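Notes follow the structure.
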Ligand SMILES: C[S@@+](CC[C@H](N)C(=O)[O-])C[C@H]1O[C@@H](n2cnc3c(N)ncnc32)[C@H](O)[C@@H]1O
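Residue numbers (my numbering): 26 to 355.
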């Protein structure tokens with residue numbers, strides 16, 4: 026956890042990221058409109074981003090406070106500007122979702138009554154070529170959400186052995202051409218290491234064309250981004266913190282953009298439900314309506330799941346209670 030550093034002032038305040046499933050997030054996190062005015066306590070936004078969801082929550086629920094964290098200090102600067110009107114109801118920290126547990130300890134907050142995880146990248150990151158997330162425009166092969174992190178996508182592409190690269194592309198990108206892709210990368214990097222997104226995307230387009238509508242490097246880029254940012258490990262640590270830290274009847278809302286990630290959330294909730302620690306609010310993941318997809322294309326792959334923390338005395342039942350344990354349709 027570090028203090029805010031290095032924002033790009035020219036971008037602060039500009040509209041950058043349209044939050045996905047905005048009304049569904051509010052409904053699952055704060056219950057229906059009649060309940061919201063009476064809610065009090067802290068909600069953790071573990072991926073606060075440009076703070077679209079956090080702002081809506083603070084506006085709709087005047088008794089709520091938000092602890093927001095993001096591993097990208099530039100994006101956190103947007104959140105700071107956007108949430109400034111809410112004053113002391115907001116604390117923003119440059120931290121990773123895996124640090125939620127430690128952060129709640131150091132901030133000495135009461136058990137939160139909700140947690141939101143809106144996973145993946147922000148449009149601001151995707152739309153900044155210099156961050157290296159996109160293959161459509163050339164940029165450095167970086168992909169770190171946290172610029173202070175040690176490992177870049179170039180480190181993985183240029184140094185991992187072929188079998189590990191193939192496993193990564195298959196497991197994290199779901200690309201069945203993983204072995205061929207790994208082979209052409211390893212052959213080409215002997216001639217010159219990859220430092221730019223454009224060179225890597227071109228190699229895949231020429232060497233392992235897919236014939237489909239999507240660019241042949243799409244899944245490779247997704248796999249690299251997930252590995253660079255340790256997205257799988259981060260999610261597990263954040264879910265574990267939710268289970269340990271949330272108050273009785275608190276709500277957990279997770280939005281994934283990847284079927285593997287949604288599977289992790291689904292299994293976490295169903296295992297917890299069987300053990301009497303969670304009650305699922307969504308049987309199937311909630312996805313965006315056609316009209317939302319028309320205005321925000323990014324929402325087309327969003328999958329929302331939600332659950333209520335159920336604490337029994339056996340489970341170390343926390344004294345605080347979260348939003349009323351009210352069913353939400355799915
Ligand atoms: C999809 S955006 C969140 C958008 C936000 N809900 C909004 O309304 O603007 C995801 C954000 O989470 C951050 N992020 C992703 N993984 C993270 C992690 N493990 N820890 C902290 N921040 C993370 C990214 O830097 C990005 O800003």
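Yeah, the Cβ is synthetic: ideal placement off N, Cα and C, and Gly gets one too. These figures come from a predicted structure and were not determined experimentally.
In this structure, the beta-carbon distance from residue 330 to residue 305 falls below 9 Å.
Runs of beta strand (DSSP E) with 3 or more residues, each lying fully within the region 204-249, are absent. Runs of the beta strand (DSSP E) spanning 3 or more residues and lying entirely within the region 75-144 occur at 89-95, 115-119, 139-143, in chain order.
Residue 175 is classed as exposed because its beta carbon has fewer than 16 other beta carbons within 10 Å across all chains shown. Looking at 187, 194, 200, the one whose alpha-carbon comes closest to that of residue 208 is 187. Within the model, the alpha-carbon separation for residue 170 versus residue 96 is close to 6 Å. For residue 168, the distance from the CB to the nearest heavy atom of ligand 1 is not below 8 Å. In this structure, residue 241 has its CB at a distance of at least 8 Å from all heavy atoms of ligand 1. Shown here, residue 66 sits in a strand according to DSSP, grouped into three states. Within the model, the alpha-carbon separation for residue 200 versus residue 59 is close to 46 Å.
Judged by the Cβ position, residue 204 fails to qualify as a neighbour of ligand 1 at the 8 Å threshold, every heavy atom of the ligand being at least this far. Taking C-beta atoms under 8 Å as the contact rule, residue 68 and residue 89 qualify, at a distance of about 6 Å.
In the three-state reduction of the DSSP assignment, residue 175 falls in the coil class, being assigned neither a helical nor a strand state. Residue state for residue 340 is assigned as helix, using DSSP reduced to three classes. Between residue 166 and residue 178, the C-beta gap is smaller than 9 Å, which places the two residues in contact. The Cβ-Cβ distance between residue 289 and residue 295 does not fall below 9 Å. Relative to the non-hydrogen atoms of ligand 1, the Cβ of residue 78 comes within a distance shorter than 8 Å of at least one.
For residue 276, the enclosing beta strand (DSSP E) starts and ends at 276-281. In the structure shown, the three-state DSSP call for residue 329 is strand.
Here residue 305 is bridged, per DSSP, to 332. A heavy atom of ligand 1 is found nearer than 8 Å to the CB of residue 147.
Relative to ligand 1, the nearest heavy atom lies less than 8 Å away from the CB of residue 121. Contact between the region 106-120 and the region 241-254 is absent: fewer than 3 CB-CB pairs across the two stretches fall below 8 Å. Assigned with DSSP and collapsed to three states, residue 310 falls in coil, not helix or strand. When distances are taken from the beta-carbon of residue 70 to the heavy atoms of ligand 1, the shortest one is below 8 Å. Taken from the Cβ of residue 183, every heavy atom of ligand 1 lies 8 Å or farther away. For the pair residue 64 and residue 317, the CB atoms are not nearer than the 9 Å cut-off.
For residue 261, the uninterrupted alpha helix (DSSP H) run begins and ends at 256-270, by DSSP. Annotation for residue 163: no alpha helix (DSSP H) segment contains it, and DSSP assigns it neither H nor E. Here the alpha carbon of residue 259 sits roughly 20 Å from the alpha carbon of residue 132. A residue is called buried when at least 16 other Cβ atoms come within 10 angstroms of its Cβ; residue 284 does not meet this threshold and is exposed.
If you compare the alpha carbons of 125, 137, 53 with that of residue 273, the shortest gap goes to 137. Between residue 327 and the set 219, 320, 313, 263, the nearest pair of CA atoms involves 313.
Restricting attention to 319, 217, 302, 116, the CA atom closest to the CA of residue 336 is found in 302. Within 8 Å of the C-beta of residue 144 there is at least one heavy atom belonging to ligand 1.
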